[in-house]
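Taking it in order: structure first as structure tokens, then the write-up.
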Amino acid sequence: QIVTSADVNFLPAACCMLISANAALETNTDVMLMLVAVDVSESETEKTNTFLKAHGVAPCVRTVSSQEFVDPRLRLDRHVTKASYIRLVLDRIISRDVDRVLYLDADIRVLSSLAPLFETDMQGFPLAAVKDIPFYEHDRLKQKCSSLLMPENADYFNAGVLLFDWPETLRSGLLDKAMKFACTHQDLCVMHDQDALNSAAANNWKPLDPRWNLIHHYCSNGGKQGAWIKHFTGKNRGVVTGPKYGDRTRYG
6 QIVTSADVNF LPAACCMLIS ANAALETNTD VMLMLVAVDV SESETEKTNT FLKAHGVAPC
66 VRTVSSQEFV DPRLRLDRHV TKASYIRLVL DRIISRDVDR VLYLDADIRV LSSLAPLFET
126 DMQGFPLAAV KDIPFYEHDR LKQKCSSLLM PENADYFNAG VLLFDWPETL RSGLLDKAMK
186 FACTHQDLCV MHDQDALNSA AANNWKPLDP RWNLIHHYCS NGGKQGAWIK HFTGKNRGVV
246 TGPKYGDRTR YG
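Its first residue numbered 6, the sequence shown is counted upward by one per residue in the working numbering.
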């Protein structure tokens, strides 16, 4: 299962992401796509499904109400909406029969086959993700771990690309732990749902090759390798300029 979430403002981006993800799937794959649309009208849902169908993607919009799925205690701001927290309640949306769940942010483009990612050996971990590069500079990682009540030796991932071993995720209660942290420690969750997930999964997740979530910051630091998934973060959403992604192995 591949899933993303969006409110009405991010529906176009989510559609483009799903089109790129669909193109990256192997022929005859049994991977299903889902767009969780938060507080989106029936007419917008119909338009979105029509657009997806016109671009080769089976209609896959699942509409939900934020009143039902998003706790009012959660921290929001201008750039992080209720739709961002949907990844913390995927256990209430996705079937228990699924083996792997790949969550992708709407502001992403898939550039390579996803088969190797789905075939990742999870080694018993419920979650696999890419380390969040900026937090590994200028000794920010230790500060971040401390602020989130995490062990000093913990790593920190970017939540834009999340690969879940779904049975293990459900067994461990990972998402429920993350939601509880986000609701009770709003002041600590500066990075919102991402902080909550990192706290809940501390020392219990598998690092992925950085090319599975290439953020602009990584790109702008120079290098020669290409991205498998490109993530348009921050003010650079939509366009990435600068040197190509390099072999910055200390983040791998």
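For glycine and all other residues, C-beta sits at the position ideal for the given N, C-alpha and C.
Quiz item: Using a Cβ-Cβ cut-off of 7 angstroms (strictly less than) and excluding sequence neighbours within five positions of Ser177, which residues of its own chain qualify?
Solution: Hits under 7 angstroms: Pro131.
Going straight from the alpha carbon of Ala206 to that of Ala183, what length do you get? If you take the alpha carbons of Ala206 and Ala183, they lie about 8 angstroms apart.
How would you label Leu154, buried or exposed, when you count the other beta carbons within 10 angstroms and need 16 or more for buried? Under the 10 Å beta carbon count, Leu154 is surrounded by fewer than 16 other beta carbons and is classified as exposed.
Which residues does DSSP pair with Thr9 in a beta bridge?
-> The partner list for Thr9 (beta bridge, DSSP) reads Leu40.
Let me check understanding here. Comparing Cα to Cα, which of Asn14, Gly231 and Val36 lies closest to Leu119?
When only C-alpha atoms are compared, the closest one is Val36.
Could you pull out every residue in the same chain whose Cβ sits closer than 6 angstroms to the Cβ of Pro17, ignoring the five residues on either side in sequence? Closer than 6 angstroms at Cβ, skipping near neighbours: no residue.
Could you compute how far the alpha carbon of Ser151 sits from the alpha carbon of Asp170?
Taking the straight line from one Cα to the other gives about 27 angstroms.
- request: Kindly indicate which residue of Gly61, Val94 and Phe56 has the alpha-carbon position closest to the one of Gln72.
  value: Nearest neighbour of Gln72 by Cα position, chosen from Gly61, Val94 and Phe56, turns out to be Val94.
Query raised in the report: Under three-state DSSP, which class holds Phe162?
Result: In the structure shown, Phe162 falls within a strand segment according to DSSP collapsed to helix, strand and coil.
- Return the CA-CA distance between Val85 and Phe15, expressed in angstroms with no decimal places. If you draw a straight line from the Cα of Val85 to the Cα of Phe15, it comes to about 11 angstroms.
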